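One structure below.
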Amino acid sequence: MDDRRLSADLDSRAFTLTFARPVAVQDLLLLLVRGTKLSVVPDPAIAGSFIGELKEVTVRQALGLILPPLGLDYALAGTLIRVFKREPEMRLFDLNFVATERTASVIVDASGPDGSTTKISSTTHSDVFADLAKGTQALLSERGTLSVDRKAGLLQVIDFPERLDRAAAYLEAVHDRIHRQVQIDVRIVEVELNGAGESINWDALSQVVPLGAGATRPRALTGLRVTDIPRLLAALASQGRVSTIADPRILALNNEPAIVRAVARRHHEMRLTVTPQIGPDRTVMLSLSPLVSKSNGTAGAPGVEDAILIQADTLARVADGETLVLTGFPTSGDVLTPAIGKDRRARPPASTIKRTELLILLTPRILNSTAD
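Numbering (my numbering), first residue to last: 2 to 373.
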């Protein structure tokens, strides 16, 4: 039994010792307990020597200074001090994670009119067990070993106690961050504008709804941050017909990708890959890869090749509960309008081009984070 509570002989008596030449550790231990009620029993296998000066230290302090550099430790039972060679210990850690590797890849290829090409490749690879094993191994001593049991969700580590404590602190911090979870309310809105050649007038909207920087660039992918969604939709309704084509609610763990897919009218399809990173200050960094395509047949049908209209990859930083609005996804198509002549007879339907724009509204809400 290791009883290290305060005692008179261990903690009240201070002394000074000076060794100009190396002294065997067994002899030094005997000097430390001389004149006290303490007894010391060193393990016969221990070896090593000490050289230096100890000033105004207690027996406990001296043991803590002399023994660890020599690879030794002590246990106290009453007045008996047993000194022995330090040996690694085994400790088991729970890895409460799903034993699944996940990979998400997005490649955006943009070709310019001059023949230049710009590519952005985003890849998210997640193997939490391999990452934890690598991070823990870096904290161990040369004698430390570890073993991961994916099925049982256990990490077995063998090393000295102080190294095991470091591993425990690391695993606890990782557990907190990986298990942070965010709920993302996604709303994909289609705005059929009143005029065929029109686009959303963000200057007019900014007079009604406070918008972020970039609101005057509707033809480029732009991220706007708003806090009042109904007010934004009402303002958009003054410029055209507003339809919500999808409003899923997704849950995502920290740094884990999620995918949303929605089909708009006239075979336009919106696909969005989103990966959240939840910060300690309750902000959410979103890695976003939206893609708008138009199917040559029924959207999503097997064997039908989609024509990509717009593809992008971007990062955005949003506060907890704030809404990010992604704009700049124009679509257009022919709309057949029934025609009635003056004689009230049906005529062939008239074809008009209607310009529409797709908007993506994302509202992340942190669910179970310790970042308060």
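Using N, Cα and C, we set each Cβ at its ideal position, and we do this for glycine too. Since we're looking at a predicted model, the values are computed, not measured.
* To do: Starting from the Cα of Gln278, find the closest Cα among Leu30, Arg181, Val24 and give me that residue.
  => The residue given as residue 278 occupies position 277 in the sequence shown. Among Leu30, Arg181, Val24, the Cα nearest to that of Gln278 is on Arg181.
* Does the beta-carbon of Glu163 have 16 or more other beta-carbons within 10 angstroms, so that it is buried, or is it exposed? -> The count along the sequence shown starts at 1 and reaches residue 163 at position 162. Exposed, because fewer than 16 other Cβ atoms sit within 10 Å of the Cβ of Glu163.
* Asked: How about Val210 and Leu194: do their beta carbons lie closer than 8 Å?
  -> As a working note, residue 210 is residue 209 in the sequence shown. As a working note, residue 194 is residue 193 in the sequence shown. The answer is no: Cβ separation not under 8 Å.
* Asked: Using 8 Å as the Cβ pair cut-off and three pairs as the minimum, do the segment 11-27 and the segment 59-78 touch?
  -> yes
* Asked: Considering only C-alpha positions, which residue in the set Val149, Thr276, Pro365 is nearest to Asp314?
  -> Position 313 of the sequence shown, counted from the start, is the residue given in the question as residue 314. Asp314 has its Cα closest to that of Thr276, out of Val149, Thr276, Pro365.
* Please state if the CB of Leu96 and the CB of Gly136 are separated by a distance shorter than 8 Å. => Position 135 of the sequence shown, counting from 1, holds the residue named residue 136. Position 95 of the sequence shown, counting from 1, holds the residue named residue 96. In this structure, Leu96 does not lie closer than 8 Å to Gly136 by Cβ.
* Status (buried if at least 16 other CB within 10 Å, exposed otherwise) for Met377 -> Because the chain in this structure spans residues 2 to 373, residue 377 falls outside the shown range and cannot be described.
* Just the C-alpha distance for Ala216 and Thr324, rounded to the nearest angstrom, thanks. => To locate residue 216, count along the sequence shown from 1; it is residue 215. To locate residue 324, count along the sequence shown from 1; it is residue 323. Bear in mind that the predicted position of Ala216 carries a pLDDT of just 39, short of 50, making it unreliable; the figure below should be weighed with that in mind. Cα to Cα, Ala216 sits roughly 15 Å from Thr324.
* Name the one or two DSSP bridge partners that Thr367 has. => One-based indexing of the sequence shown puts residue 367 at position 366. Going by the sequence as given, residue 367 is Ile instead of Thr. Beta-bridge pairing links Ile367 to Val183.
* Who does Gly53 pair with in a DSSP beta bridge? -> Locating residue 53 in the sequence shown gives position 52, where the first residue counts as 1. For Gly53, which the question treats as bridged, DSSP gives the partners Phe20.
* Environment of Val99 [buried if 16+ CB atoms lie within 10 Å] -> What you label residue 99 is simply residue 98 of the sequence shown in a count that begins at 1. So Val99 ends up on the exposed side.
* Asked: Looking only at its own chain, which residues have a Cβ that is under 7 Å from the Cβ of Glu57, when we skip the five neighbours before and after it?
  -> Locating residue 57 in the sequence shown gives position 56, counting from the first residue. These residues qualify, in order along the chain: Ala15, Thr17.
* To do: Compute the Euclidean distance between the alpha carbons of Thr284 and Val183, then round it to the nearest angstrom.
  => What you label residue 284 is simply residue 283 of the sequence shown in a count that begins at 1. What you label residue 183 is simply residue 182 of the sequence shown in a count that begins at 1. Between Thr284 and Val183, the C-alpha separation is close to 11 Å.
* **Counted within 10 angstroms of its Cβ, other Cβ atoms place Gln208 as buried (16 or more) or exposed** => Translated into positions along the sequence shown, residue 208 becomes position 207. The residue in question, Gln208, is exposed, as its Cβ has fewer than 16 Cβ neighbours within 10 Å.
* Name the DSSP bridge partner or partners of Gly136? -> Here residue 136 refers to the residue found at position 135 when the sequence shown is read from its first residue. Bridge partners of Gly136: none, in fact.
* Asked: Looking at the structure shown, is Ser200 part of a helix, part of a strand, or coil, going by DSSP?
  -> Taking the first residue of the sequence shown as 1, we reach residue 200 at position 199. Here Ser200 sits in coil by DSSP.
* Keeping to the same chain, check which residues put their C-beta closer than 6 Å to that of Leu93; ignore five residues upstream and five downstream. => On the sequence shown, residue 93 is found 92 positions in, with the first residue counted as 1. Taken in chain order, the residues that qualify are Leu155, Gln157.
* Could you tell me whether the Cβ atoms of Leu360 and Thr332 are closer together than 8 Å? => Working through the sequence shown from its first residue, we reach residue 360 at position 359. Working through the sequence shown from its first residue, we reach residue 332 at position 331. Not a contact, by the Cβ cut-off of 8 Å.
* What separation, rounded to the nearest whole angstrom, lies between the Cα atoms of Val326 and Glu358? -> Counted from its first residue, the sequence shown places residue 326 at position 325. Counted from its first residue, the sequence shown places residue 358 at position 357. Roughly 13 Å separates the two Cα atoms.
* To do: Assign Ser290 to one of two classes, buried (16 or more other C-beta atoms within 10 Å of its C-beta) or exposed (fewer than that).
  => For the purposes of this step, residue 290 is taken as residue 289 along the sequence shown, with counting starting at 1. With 16 or more Cβ atoms within 10 Å of its Cβ, Ser290 is classed as buried.
* Hey, could you find the ends of the alpha helix (DSSP H) Ile230 is sitting in? => Counting from 1 along the sequence shown, the entry for residue 230 is found at position 229. Taken as a continuous stretch (DSSP letters only), the alpha helix (DSSP H) holding Ile230 covers 230-238.
* To do: Give me the Cα-Cα distance between Val192 and Arg151, rounded to the nearest whole angstrom.
  => Counting from one through the sequence shown, the residue named residue 192 turns up at place 191. Counting from one through the sequence shown, the residue named residue 151 turns up at place 150. One C-alpha to the other measures close to 48 Å.
* Asked: Alpha carbon to alpha carbon, how far is Val42 from Leu30?
  -> Locating residue 42 in the sequence shown gives position 41, where the first residue counts as 1. Locating residue 30 in the sequence shown gives position 29, where the first residue counts as 1. Roughly 9 Å between the two C-alpha positions.
* To do: Since I believe Pro89 is in contact with Phe161 (beta carbons under 8 Å), could you give me their beta-carbon distance rounded to a whole number of angstroms?
  => The residue you call residue 161 lines up with position 160 of the sequence shown. The residue you call residue 89 lines up with position 88 of the sequence shown. Rounded, the Cβ-Cβ distance is 6 Å, consistent with contact.
* Own chain residues within Cβ distance below 6 Å of Gly213, not counting five before or after -> Translated into the one-based positions of the sequence shown, residue 213 becomes position 212. Unreliable placement is indicated for Gly213, whose pLDDT of 48 sits below 50; no coordinate value is reported for it.
* Name the DSSP beta bridge partners of Lys86, please? -> Here residue 86 is taken as the residue at index 85 of the sequence shown, counted from 1. According to DSSP, which records beta bridges pairwise, Lys86 is partnered with Leu73.
* Going straight from the alpha carbon of Leu141 to that of Leu77, what length do you get? -> Here residue 141 is taken as the residue at index 140 of the sequence shown, counted from 1. Here residue 77 is taken as the residue at index 76 of the sequence shown, counted from 1. Spanning the two alpha carbons is a distance of roughly 27 Å.
* **Distance, Ala169 Cα to Glu143 Cα** => Residue numbering aside, residue 143 sits at position 142 when the sequence shown is read from its first letter. Residue numbering aside, residue 169 sits at position 168 when the sequence shown is read from its first letter. Glu143 and Ala169: Cα-Cα distance of roughly 18 Å.
* Asked: Which whole-angstrom value describes the C-beta separation of Val261 and Pro249, a residue pair presumed to lie in contact below a C-beta threshold of 8 Å?
  -> As a position in the sequence shown, residue 261 is number 260, starting the count at 1. As a position in the sequence shown, residue 249 is number 248, starting the count at 1. Confirmed, about 6 Å.
* **Pairwise C-alpha distance: Lys86 and Lys38** => The sequence position of residue 38 within the sequence shown is 37, counting from 1. The sequence position of residue 86 within the sequence shown is 85, counting from 1. Lys38 and Lys86: Cα-Cα distance of roughly 24 Å.
* 8 Å Cβ shell around Ser40 - same chain, five flanking residues per side excluded -> Here residue 40 corresponds to residue number 39 of the sequence shown, with the count starting at 1. Once the five neighbours on either side are set aside, the close Cβ partners of Ser40 are Val34, Thr80, Leu81, Ile82.
* Asked: Apart from the five residues on each side of it in sequence, which residues of its chain come closer than 6 Å, Cβ to Cβ, to Arg272?
  -> Translated into the one-based positions of the sequence shown, residue 272 becomes position 271. For Arg272, where only same-chain residues beyond five positions count, the Cβ hits under 6 Å are Arg262, Leu292.
* Rounded Cβ spacing between Leu363 and Leu252 (contact assumed at less than 8 Å) -> Numbered from 1 along the sequence shown, position 362 holds the residue referred to as residue 363. Numbered from 1 along the sequence shown, position 251 holds the residue referred to as residue 252. Actually they do not touch by this definition, with Cβ atoms about 13 Å apart.
* Beta carbon of Val26, beta carbon of Gly49: below 8 Å? -> What you label residue 26 is simply residue 25 of the sequence shown in a count that begins at 1. What you label residue 49 is simply residue 48 of the sequence shown in a count that begins at 1. Cβ atoms of Val26 and Gly49: closer than 8 Å.
* Asked: Is it the case that the Cβ atoms of Leu310 and Lys295 are separated by a distance below 8 Å?
  -> The residue given as residue 310 occupies position 309 in the sequence shown. The residue given as residue 295 occupies position 294 in the sequence shown. Taking 8 Å as the Cβ cut-off, Leu310 and Lys295 qualify as a contacting pair.
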